[in-house]
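Peer 1: Sequential numbering of the sequence shown, starting at -10, is according to the numbering used here. All C-beta atoms in this analysis are idealised placements derived from N, C-alpha and C, irrespective of residue type, glycine included. Note that this is a predicted model, so its numbers are computed, not measured.
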Amino acid sequence: MSESSSSLSPGGADGAVHDVLIVGGGPAGLSAALNLARSLAHVLLVDADRPRNAATINSHGFLTRDGIPPQELRRLARAELAGYPSVDVRTRQRVLSLSRDEDGLFAAAVGRSSPGERIRARAVLLATGLRETLPDVPDLRGFYGMSLFSCAACDGFELRGRRLALFGRSADLADRARLVARWSRDLTVFTHGADVIDAVEEAELAALGLTVERRPIVALIGAKGVLEAAELSDGSRIPLDGGFVRPDWSLDLSFLDGISPALDGGGHLVTDGSGRTSEPGLYAAGDAAAPGPQQLIVAAGAGARAAAMIVHDGLGVTTSH
Ligand SMILES: Cc1cc2nc3c(=O)[nH]c(=O)nc-3n(C[C@H](O)[C@H](O)[C@H](O)COP(=O)(O)OP(=O)(O)OC[C@H]3O[C@@H](n4cnc5c(N)ncnc54)[C@H](O)[C@@H]3O)c2cc1C
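#1: Tell me the DSSP secondary structure of F132 in three-state form.
#2: Take the Cβ of I299 as the centre, count every other Cβ of all protein chains shown within 10 Å, and call the residue buried at 16 or more, exposed below.
#3: Tell me whether S239 counts as near ligand 1, meaning its Cβ is closer than 7 angstroms to at least one heavy atom of that ligand.
#4: Are the CB atoms of F51 and F138 nearer to each other than 8 angstroms?
#5: Are the segment 151 to 158 and the segment 178 to 197 in contact at 8 angstroms, needing three or more beta carbon pairs?
#6: To the nearest angstrom, report how far apart A97 and A21 are at their CA atoms.
#7: Pick out whichever of Q82, I227, L123 has its Cα sitting closest to the Cα of P104.
#8: If you compare alpha carbons, which of L240, P205, P40 is closest to P127?
#9: What residue does the beta strand (DSSP E) around V78 start on, and which one ends it?
#10: Do the segment 26 to 35 and the segment 9 to 16 touch if we need at least three Cβ pairs shorter than 8 angstroms?
#11: Quick check: what's the CA-CA separation for S222 versus V207?
#12: Following the continuous beta strand (DSSP E) through S88, name the residue where it begins and the one where it ends.
#13: Does the beta-carbon of Q60 have 16 or more other beta-carbons within 10 angstroms, so that it is buried, or is it exposed?
#14: For A278, I'd like the list of residues in its chain whose CB is within less than 6 angstroms of its CB, leaving aside the five on either flank, ordered along the chain.
#15: Run the CB neighbour count on V178, radius 10 Å, all protein chains shown included, and call it buried at 16 or more, exposed below.
#16: Compute the beta-carbon to beta-carbon distance between L85 and F95, rounded to the nearest angstrom, for a pair I have assumed lies under 8 angstroms.
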């Protein structure tokens, strides 16, 4: 880390320079902000407020908040942050560009549209989450977050023992099916015409009692987000109660200007496990930083860990405690 980008202000603001700019106000960014505030850091958190789980009504598996609506979790976190004067939270705004000045500090344009307000920071945490592209199955979007989900660990419990579907077109679909089968063996894996499950995998899935359906889907049937059946190209219908989707995930780092942190083969940010990316002073946490699991409490934990590392690195201390 370059000298100018490494030192946190000693408990006080330093002109217009923030100690840390956090890009994204999901659980990763909000948790980092809370922990940085408690370490007396001056933080600017900018959040476009488009969470990946916006489609869903209830979030599961977050200790003490099992079943909480996604926006309520964020509201509670922002209310806590309001008690810390060294944190400035800007919602419904974006980091439009992020570059590095000649003195090593980060420079960002922040606002709703270009050119935005120019701010500077010693360290930056990328907590942007991921974007999802759903498989091109007709009507899928209308059920997503209501009776179709992407995370089996998050929503499998409510669907246990039901008639489930798994939709996807990725090479790991058979693997994914084995995971979903933990919650229900009454599972049909729809490839929607894609050649992603070979004969050996199909036999393995059949041994678990799972069905692979290769015919294209022409419609998903149901009402008010509750899936009832998948209609196939020959007019036959497979009754269903819900299920899972394997989306494609991608990271939008188009706002980075002249900064190129290392990405893994899946296009996600590589960190050292403590949130440090390959770029000095640039950290990442949550879904944006590989590997998963992609869960709220995991993202919050990663945000807290990255916050600690930012403080430690800023002081030049190496203790991990
Ligand atoms: C349908 C669905 C249901 C889910 N259910 C559960 C569940 O029940 N339990 C669970 O634990 N997990 C669940 N998840 C997973 C969970 O939503 C993610 O793991 C979690 O939100 C990741 O947190 P994050 O902070 O990394 O990113 P996010 O929560 O996605 O937040 C990232 C934020 O960064 C913002 N952002 C992006 N780019 C910029 C920019 N340039 N400038 C400013 N802001 C920016 C985005 O708008 C967004 O608000 C679910 C996911 C989906 C899709």
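Peer 2: The short version:
#1: helix
#2: buried
#3: no
#4: no
#5: yes
#6: 19 angstroms
#7: Q82
#8: P205
#9: 76 to 80
#10: yes
#11: 6 angstroms
#12: 83 to 89
#13: exposed
#14: L258, T260
#15: buried
#16: At roughly 13 angstroms, the Cβ-Cβ gap does not stay under 8 angstroms, so L85 and F95 are not in contact.
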